[in-house]
Structures are given as C-alpha cells and as structure tokens.
Amino acid sequence: MNAIETKWIAVGSITDIPREGARCVEAGALRIAIFRTVDDDVYAIEDRCPHKGGPLSQGIVHGGCVTCPLHNMVIALESGEAQGADEGRATVFRTRQRDGLIFVSGADIASAEARQPVSTAA
Amino acid sequence: MKQKLVIIGNGMAPGRMLEHLFEVAPDAYDVTIFNAEPRVNYDRIMLSPVLSGCKTFDDIVIHGDGWYVEHGVMLYKGHRIAAIDRAAKTVTSEHGETVPYDKLVIATGSNPFIIPVPGHDLPGVLSYRDLDDVEAMLLAAQSREKAVVIGGGLLGLEAAAGLKERGMDVTVLHLMPTLMERQLDPSAGHLLRHELESRGIDIVTEARSARILGDAKVTGVELKDGTVIDASLIVMAVGIRPNIALAQDAGLEVDRGIVCSPTMATSDPDIFAVGECVEVDGRVYGLVAPLYEMARVLAGHLSGNPSQRFIHAETPTRLKVTGIDLYSAGDFAEGDDREEIVLRDAAAGIYKRLILKDNRIIGVVLYGETADGSWFYDLMKKGTDISEMRDTLIFGSAYQGGAPLDPTAAVAALPLDAEICGCNGVCKGTIVEAITSKGLTSLDEVRAHTKASASCGTCTGLVEGLMAATLGDAFNPNAVKPICACTDLSHNDVRRLIRAKELKSIPALMQALEWKSSGGCAKCRPALNYYLVCDWPGEYADDYQSRFINERVHANIQKDGTYSVVPRMWGGQTTADELRAIADCVDKFGIPTVKVTGGQRIDMLGIRKEDLPAVWADLGRAGFVSGHAYAKGLRTVKTCVGTDWCRFGTQDSTGFGVRIEKFMWGSWTPAKVKMAVSGCPRNCSEATCKDVGVICVDSGYEIHFAGAAGLDIKGTEVLGHVKTEDEALEHIVALVQMYREQGHYLERIYKWARRIGYDEVRRQIMDDASARKAYFARFVFSQKFAQVDPWSERVSGKDKHEFKPMATIDTLQAAE
Ligand SMILES: Cc1cc2nc3c(=O)[nH]c(=O)nc-3n(C[C@H](O)[C@H](O)[C@H](O)COP(=O)(O)OP(=O)(O)OC[C@H]3O[C@@H](n4cnc5c(N)ncnc54)[C@H](O)[C@@H]3O)c2cc1C
Chain A
1 MNAIETKWIA
11 VGSITDIPRE
21 GARCVEAGAL
31 RIAIFRTVDD
41 DVYAIEDRCP
51 HKGGPLSQGI
61 VHGGCVTCPL
71 HNMVIALESG
81 EAQGADEGRA
91 TVFRTRQRDG
101 LIFVSGADIA
111 SAEARQPVST
121 AA
Chain B
1 MKQKLVIIGN
11 GMAPGRMLEH
21 LFEVAPDAYD
31 VTIFNAEPRV
41 NYDRIMLSPV
51 LSGCKTFDDI
61 VIHGDGWYVE
71 HGVMLYKGHR
81 IAAIDRAAKT
91 VTSEHGETVP
101 YDKLVIATGS
111 NPFIIPVPGH
121 DLPGVLSYRD
131 LDDVEAMLLA
141 AQSREKAVVI
151 GGGLLGLEAA
161 AGLKERGMDV
171 TVLHLMPTLM
181 ERQLDPSAGH
191 LLRHELESRG
201 IDIVTEARSA
211 RILGDAKVTG
221 VELKDGTVID
231 ASLIVMAVGI
241 RPNIALAQDA
251 GLEVDRGIVC
261 SPTMATSDPD
271 IFAVGECVEV
281 DGRVYGLVAP
291 LYEMARVLAG
301 HLSGNPSQRF
311 IHAETPTRLK
321 VTGIDLYSAG
331 DFAEGDDREE
341 IVLRDAAAGI
351 YKRLILKDNR
361 IIGVVLYGET
371 ADGSWFYDLM
381 KKGTDISEMR
391 DTLIFGSAYQ
401 GGAPLDPTAA
411 VAALPLDAEI
421 CGCNGVCKGT
431 IVEAITSKGL
441 TSLDEVRAHT
451 KASASCGTCT
461 GLVEGLMAAT
471 LGDAFNPNAV
481 KPICACTDLS
491 HNDVRRLIRA
501 KELKSIPALM
511 QALEWKSSGG
521 CAKCRPALNY
531 YLVCDWPGEY
541 ADDYQSRFIN
551 ERVHANIQKD
561 GTYSVVPRMW
571 GGQTTADELR
581 AIADCVDKFG
591 IPTVKVTGGQ
601 RIDMLGIRKE
611 DLPAVWADLG
621 RAGFVSGHAY
631 AKGLRTVKTC
641 VGTDWCRFGT
651 QDSTGFGVRI
661 EKFMWGSWTP
671 AKVKMAVSGC
681 PRNCSEATCK
691 DVGVICVDSG
701 YEIHFAGAAG
711 LDIKGTEVLG
721 HVKTEDEALE
731 HIVALVQMYR
741 EQGHYLERIY
751 KWARRIGYDE
761 VRRQIMDDAS
771 ARKAYFARFV
781 FSQKFAQVDP
791 WSERVSGKDK
801 HEFKPMATID
811 TLQAAE
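For the protein sequence lines, the chains are A and B, in the order given. Numbering of the first sequence is given in UniProt numbering, commencing with residue 1 and proceeding in unit increments. Numbering of the second sequence is given in UniProt numbering, commencing with residue 1 and proceeding in unit increments.
The following block contains the structure:
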C-alpha cells in the first residue's frame, strides 16, 4: 500500500522522472502522466490528448507545455488547455511535493475515475 | 611543350585571373604559384566576418586544395619568393626552390603600413591584413581586455566592431577630425561615429600617437598631447603600401606600385603584374572590383586575346559592419563649380548627399539607407543628365515618374547594364538571365550561379529585390525562415553560429543566441539536438528529452499509443533462423500485425510499450539489432541479388548494400536516409528514387542522389561514376556527411541538394578529393560514438524508466 496523507497519494519520488520528461501512474482504467519541468515543477495530467487521445506522457516537454507525439497539439501542463489556435482541455490533477516525494490529489483521481466509461477490458 | 606560367602571390587577384584563364585556355600553361601565406586562396574581404564570429575560415575559402589538384596547379604554400632572375628567367624562394618561367605574374598585393613610432615592434601590436592577424586578434580577445585600433578608416572600423563583438573594450584613434574621411563627408562621418559610440566603442579623433608603451609586451599607447590609453592589444590599420620590393630589386620600373601598361605588362614583356601591387596610369587600387578587372584583362593577354585594356573606374565603398548601412562613391569635395542635394531624416538616422557638376552626378554619399546606391552610381557612371528629375532625384529611383513605387519597383527600374554586385562586377542583366534561364529561386542559387552578392554581401538586398521583380510571387524572400517562434534565426544561421561560437549544449546555445522562450519548443529542440550531435561528436551529450518519442524509445509510436518494431536485415537479406525468431516473438507477445515494408524489412505492429525491452531481448538473442525505422538516420539499403544469382548482374550489389549498411548504420542525419543498390541498369531495387542510389555497371558504379518517392516524386541526379567498390563507399559516405553538416533538420537530401545546387555537391564530392576525404574522415570519427545498438542497451537496463509505470495506485484508496 502506498503511504497516504489525507487525500494526497504518494506516487513516487521526483528523481524517478527525467527533467523535461514524464512517467505514468495507473489508477484503475485511468492513466495519469506525471511531468517534471526543467525547474523541477511537477504536474499531473490524464495521459490522453483532448485531440485524438494521444499519450501526452510521450511528448516533448518544453517550458510549461508538452507537445503531443501524435499530431503536435501543444498542451499547457498547469491547466491542461490546448495552446494556440487549438481547442480542448485535458483533465488535470493537483499535485504536491514534499521531501522529494510527489503526491497527487486523491479527490481529483476519484472524480476523474467516476467520469471514466464503465466498461473496461477487465 | 606547354609554356611555364609562374605566379608570385596567391591572393584574390591572381585567383580570379586563373579562373578566367582556365575557362578559355585550360591547357595553355603549366602553372606554379608561390604564396608567402601558408594557405589556399581565400576571400580576404570577409576576414571581418571571421573576426566577429559570423563566419569561419572554411566559409571564406575561394579555392580549396582540390581545385589546385583538379587544374594541375603546383601551389607552394608558405614559400616567399626572395628573388627574380630576369636574365635566367627563374624565381627563387626563401627555402631555396628555383623554378623557371616563360611568363611571370607578380601579384604580391600590399603591405599594411606600420607607423614607425617607438614601440611599434612590441608583441601585441598587430596589423590587419591576413588570417594570421585575425587569429592573433582572436587570441588576444580571449582576455576581454582593452584594445586600441589606430586608424578610423574602413579596415580599422571593421576591426574595432569585430573586437567589440568578441568582448573587448575598444578605443579607435583616428588622425583626422572625422571617420572614414576618404569615403565620407563630415556629416556622414559624424553619424557613423555616433552609431559606433552607441555600441560602446570609444572614438578619439585628431589623435596623434606618440609612442607605444610596454616592456616585454604592449601595455598602452601615449598620444602627442600626453594622454595615455591602456591596451593589451593594438591594431594598426592606417593604410596599405603596394608591395613592390621584389619587382624593384629585379630592376622593373616602379613608382607607387609596379608600373604596368593597360595590358598589365610591366617594363619586362614576359613579366606581368596584377592586383594591389600594380600602378596603371598613375593610380593604385585597394578594392577588389578594379583588381578583378585587371584579372580579366591579364587572362585575356595570357590566352592570346591582346585586345583587352584596363580602364579606370570609380568603385563604390561600403562598410561591412552589421547594422550600419553606408555607401559612397565618386568625388565629394566641395568646389565652386559643384552643387549638392542633401536629404536628412534625423529620426530615422538617414543622410543622403549627391554632388553634381554640370547637371551630372559626380559623387554620392548615403548613410542609413543605401538601397538607391546602385541607381545613383549607374547615373554617375553613365554621366546621365539629371536636370529633368532634379527635384525628386534625391528620393531615389522609386520616386521618378509619378507616384512613389515600392523597393522592388526601384530595382525593376534599373537598366539591364546597371551594376548590382560591385565586388564581382555583375550587372542586372546577367542576374535576370540566370534567374530565368536556370530557374533559380533562392539567393543561394543566384550566388552559386552568378557570384552576385557572394563576396562582401552588401548587395544582398538588391539581389533579393531583383529576384522579387523577376520571379513575382514565386519568390519568397522569407525563404530564410526562422526555425520557429522561439528565434529569428534561420537553420543556416544557427548551424553556422554553433560552429563559430563553439556552442556545445542546448542551454548554452539558447543563451548565446538569445532564444525568446525559456526552454525552446517541440520544433526547435529536436533540431538543435541534432545539430549539436552532428557537430560535436564525442563531446556533446545527446539530450534524449529533446528527441521525438520514436527516437527516445527506439520504436515507432502508432495511433493507439502502441509501438511497432523493425529489426535490421542488412541489405534486405534474412535467414530461416531470423524468420523463426520473429515468428516466435510474434506468438509470445501476441503481436497483432506483421508486415513486409517497402525497404525490404519486417515490421511488427501493435506492441505495448512495456513489452518493448522483452521483445528486443528475444530478437537480440537471434542476432538482430535495431533497424532504426524510427530514426532521422540511415534506415535501409535495399538491394537486388546482383552477381550472386542474377544473370544480368554486373557487380555484387547485395554484398555492397550490406557493406554500406554496416558502415553507416547508427548515424543521425537531418532527415531519414534511404538507399538502394541495383546490380544492373534494369534497376530492380529502384535506386533512382532514393536519397542515395547506386547502379552497378560493368565498368563500376554509378552513384545517384537526391531522389524522392514520397510527398514528392523525383528521379535522382547522377553524382558520378567510380570504378571500385571502395571508391563508391567513400563517395557515398562523404556525400551523406556533407548533407549531415549542411542540411536543415527534417530536410531530405533532395531538398538540401536543390537548395545548395547539384553542381556544388558534385564539385565537393567528385572533383575535390581533399574535401571528400575530409568529409569521409569526419563521418568515420562520428561513427565511433554512434554505432551502439540502442536495443541491447535498453535490454541491459538503460532508460528503464521509459518502459515502466512509475506507480500503480489503488483507486479505492483515492476515494477514501
Ligand atoms: C580586412 C579587410 C577587409 C577588406 N574589405 C574589402 C571590401 O569590403 N571591399 C573590397 O573591395 N576590398 C576589401 N579589402 C581589400 C581586398 O581584400 C584587397 O584589395 C585584395 O585582397 C587584394 O588582392 P591581391 O591579390 O592584390 O593581394 P592579396 O590578396 O593581398 O594577396 C597577396 C598575396 O601575395 C603574397 N605575397 C606577397 N609577397 C610575396 C612573395 N614575395 N612571394 C610569395 N608570395 C607573396 C601574400 O602573402 C599574399 O597572400 C579588404 C581587405 C582587408 C584586409
């Protein structure tokens, strides 16, 4: 079991993620990409581009944005909003860092989970 | 028997003379050149951009080593001629080499003048004439201390601007009251001074140097009025003197220069002279345009065309300091019989002055806006009566005849014989003709074909205007587009600056080149990463986070987020064991689709990212390595069966394809590279639509390049024919390395080659053996760091984080 701090769920340490990179956390049918920027800020976004569902975690991270690897939509890490002329918004999760550990808001995960389509392969 | 032509000095003038000579009479002479400088012929004019860091020495070479080989010229580098024996008809170098001549050309240029004040010979006092001077200045500039430039003329100011750019604290000492007084009137000189001062260069006019201070090396300079200025470097740029000593010792007639007739003959009919060392009709010259004219005349005489005569012409002057537009030509002293027209726009920093005599322009000074320089110069040269347009003359060509026109129309209004490029004497008609008959669409192409704007580059704007006027909408001057919104610099600029400024990491580059975003974007980062990988093999640490996901995980992402994997099959050949291993792998991992590709490989699609390392481990055990189907790099070499099986095969095409692939795999390139080798002209491996293709023939190998069969369809161009497989490999590798060094990121070979000119590629790869061998060597060096199989690296644990989720959380826990 992961350590719990009321509703903040530890997902790993910041050093598990390369700078300007991302790694994924799986929560049931939900896949959350945890991003680390050059300045060691951490953001959590659902690993699905609002455009065609591309895995944002695989994109190039630059400044506070990630570019989706499938069709180059640029998503702001903090808000999940598509940048420039594109429209769309990816689900974001609040995060916290303490002592090098990353925590994601349990409440945000639970509400995103609730919005997931019911039928999954399992 | 061929006649022996010996040339003393290997500067710009004799270089141009030989180009003309080889064009009309390639076999007339055995040519030997002695050059005191230990190097080939280069564009001396462009030393200032080398000093400021905009260009490298390689960029300004006019004739590379290969050129001398190709034309059978014997070049003695670093051999100064000490004596001419006119009776014996020989020359002797300081190293004791004696060579006989039938015809001799003296092209010793000029010597920089050094003011003989006390201390002028201390270490740290330099002149500004050749590459050695520039290198010495660059070394001194590393200290970032103080420099003093003595001389506020063209050369001195270019040196000052360059040293400032390199981080030195610069003071210019000028004897006269205003800068560049020989080319500028006092008003323009004042504007120039103001501009340079605003850049942080100190300027002292009416400064008389009394002595240079220092014991073991320079510490400063003292003026006649007692002022002392500290400096660790002093550059003297106070003028040049024709270098006539050798001619004088040989008893030739000399005055200020070596006295020549308008046919370039000296007082000895077998000895000619060309360049800055020459005096014709009492005049000596210090700019290249008239020297190039001398070169043309002399080449005519040497090739048996005695009708040519050198005729004096005024040459306009421009200053090559970025951001300063300045143009002057003719005579602008005041006089009773002269009138002037002046236009000033203080806010815009513009000053224009025309000097008229008898309703004809005799002098032009333009500062701040110089686009009309050529037009005024043309009116001046032709002695056109300007009374009709006098009222609007100063506003330039666009204002003549009705409503103001745009700048393109101004160039369009120039007559066909108007000179556009002063350095190379190229007129408008020549450029227009080249654009239309050769279908040129870019500035680089026009430079390659006409030489216009290829020397000092100040007429670039005019040439672009001319292209716009000639091509209409088909010309896109913004063809030099910035890489992305993070910068105003183009791919070319960035590649050049990476080398010139020795930028070796992405953060260093972004800082030095003033990137507008903090961390770049998904467009520029992969490009920069490639340029650094290419330019600093072994030194630059590849930044994986700047690579597209496919190159980061060494597989191709598919639309559902799964990956496809293509193992390497050298030359498209495989075995039963390999096929069995693939089949087992497909079964074990439940791989949904298996497909044969156009490059003769097998593609396995629909693999989950987590499974990639295990798939690679299994494939690796069967001897497979990554096929780089995801890479901007060498993808595939497609082959036919050649002499092994085919009754038409002429060479071992499969074996050669495998050899190329084994030699070149792993190298990164600007865009993907696909090759093919066909064993005969029936071309079953479709080599003539590849980036690089080989057609084997009985007599050897025909190498092709720049084909395309994707968004665009294009047959290849022929690079050339070689006899052996080893030669073919060397040529192909050199070609790819040239492309690696010059291509823009994501630019395929066919686009790159079209941009720089197919002939240029042939010249460097086929004709210039030393350039080719140098490319080859650089490729081989970089392969030392590139040929590591990324799959086995990852199987043994590299980048583990890429393939595993960081955590799996219990969703119930989240809901608590
Ligand atoms: C920094 C700089 C900027 C310039 N900018 C411009 C410009 O913007 N526009 C313009 O039109 N002009 C410009 N010039 C001037 C132009 O470069 C010269 O006019 C031109 O290079 C002269 O050519 P040349 O062949 O006569 O002599 P050089 O190019 O000087 O060549 C003479 C060569 O002869 C060699 N030599 C001398 N004596 C001997 C000997 N005894 N034996 C063997 N070799 C010998 C020397 O080493 C030298 O390499 C500039 C010059 C400099 C230095």
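Note that beta-carbon positions come from the ideal geometry of N, C-alpha and C, so glycine has one too.
Does any residue of chain A bring its CB to less than 7 Å from the CB of residue i?
i, result
"B/Lys-800", "no"
"B/Gly-519", "yes"
"B/Ala-631", "no"
"B/Met-510", "no"
"B/Gln-558", "no"
"B/Gly-606", "no"
"B/Ile-549", "yes"
"B/Ile-809", "yes"
Near residue i, which residues of its chain fall below 8 Å by C-beta distance, leaving aside the five closest residues on each side in sequence?
i, result
"A/Pro-18", "Arg-36"
"B/Phe-648", "Gly-679, Cys-680, Arg-682"
"B/Gly-402", "Because the pLDDT of B/Gly-402 is 49, which lies under 50, any placement of that residue in the model is unreliable, and the number read from its coordinates should be weighed accordingly. Excluding sequence neighbours, B/Gly-402 sits near nothing in its chain."
"A/Leu-101", "Ala-10, Gly-12, Ser-13, Ile-14"
"residue 825 of chain B", "The question about residue 825 of chain B has no answer, for chain B in this structure spans 1 to 816."
Within a Cβ cutoff of 7 Å, which residues of the same chain sit near residue i, ignoring the five residues on either side of it in sequence?
i, result
"B/Leu-440", "Ala-434, Val-446, His-449"
"B/Asp-133", "Leu-126, Ser-127"
"B/Ile-244", "Val-254, Gly-257, Ile-258, Cys-277"
Would you please state the rounded distance, in angstroms, between the beta carbons of residue i and residue j? I believe it to be under 8 Å.
i, j, result
"B/Ile-394", "B/Ile-361", "Not a contact, Cβ separation roughly 11 Å."
"B/Val-736", "B/Phe-785", "Going by Cβ atoms, the distance from B/Val-736 to B/Phe-785 rounds to 16 Å, so no, they are not a contact pair."
"B/Trp-668", "B/Gly-720", "Contact doesn't hold; Cβ gap of about 26 Å is too wide."
"B/Ala-237", "B/Gly-151", "4 Å"
Looking at the C-beta of residue i, does it have a partner C-beta in chain B at a distance below 7 Å?
i, result
"A/Arg-23", "yes"
"A/Thr-15", "no"
"residue 123 of chain A", "This structure does not reach residue 123 of chain A, given that chain A is present from 1 up to 122, and the question cannot be answered."
"A/Ile-60", "yes"
"A/Glu-46", "no"
"A/Val-92", "no"
Heavy atom of ligand 1 less than 6 Å from the Cβ of residue i, yes or no?
i, result
"B/Thr-460", "no"
"B/Glu-97", "no"
"B/Phe-34", "yes"
"B/Glu-94", "no"
"B/Met-12", "yes"
"B/Ile-258", "no"
"B/Gly-109", "yes"
"B/Cys-54", "no"
"B/Val-275", "Looking at the sequence provided, one finds Gly at residue 275 of chain B rather than Val. True, at least one ligand heavy atom lies under 6 Å from that Cβ."
"B/Glu-37", "yes"
"B/Val-105", "no"
"B/Arg-129", "yes"
"B/Arg-647", "no"
"B/Gly-153", "no"
Since residue i meets chain B, which of its residues come closer than 8 Å, beta carbon to beta carbon?
i, result
"A/Thr-67", "Cys-521, Ala-522"
"A/Val-38", "Ser-518, Gly-519"
"A/Leu-101", "The premise fails here: A/Leu-101 is roughly 11 Å from chain B at the closest Cβ pair, so nothing lies under 8 Å."
"A/Leu-70", "Ile-557, Lys-559"
Apart from the five residues on each side of it in sequence, which residues of its chain come closer than 6 Å, Cβ to Cβ, to residue i?
i, result
"B/Arg-525", "Ser-546"
"A/Ile-4", "Confidence in A/Ile-4 is poor, its pLDDT being 43 and thus under 50, which makes the residue's placement too unreliable to answer from."
Quick one: is the Cβ of residue i within less than 6 Å of any heavy atom of ligand 2?
i, result
"B/Ala-313", "With respect to ligand 2, the structure offers nothing, as its ligand set consists of ligand 1."
At 8 Å on the CB atoms, spell out the chain A contacts of residue i, in chain order.
i, result
"B/Met-806", "Val-11, Gly-12, Asp-16, Ile-17, Arg-23, Cys-24, Val-25, Ile-34"
Run through chain B and tell me which residues come within less than 9 Å of residue i, C-beta to C-beta.
i, result
"A/Gly-54", "Ile-557, Lys-559, Gly-561"
Quick one: which chain A residues come within Cβ less than 9 Å of residue i?
i, result
"B/Ser-546", "Glu-20, Ile-60, His-62"
Below 7 Å on C-beta distance, what does residue i contact in chain A?
i, result
"B/Arg-525", "Ile-60, His-62"
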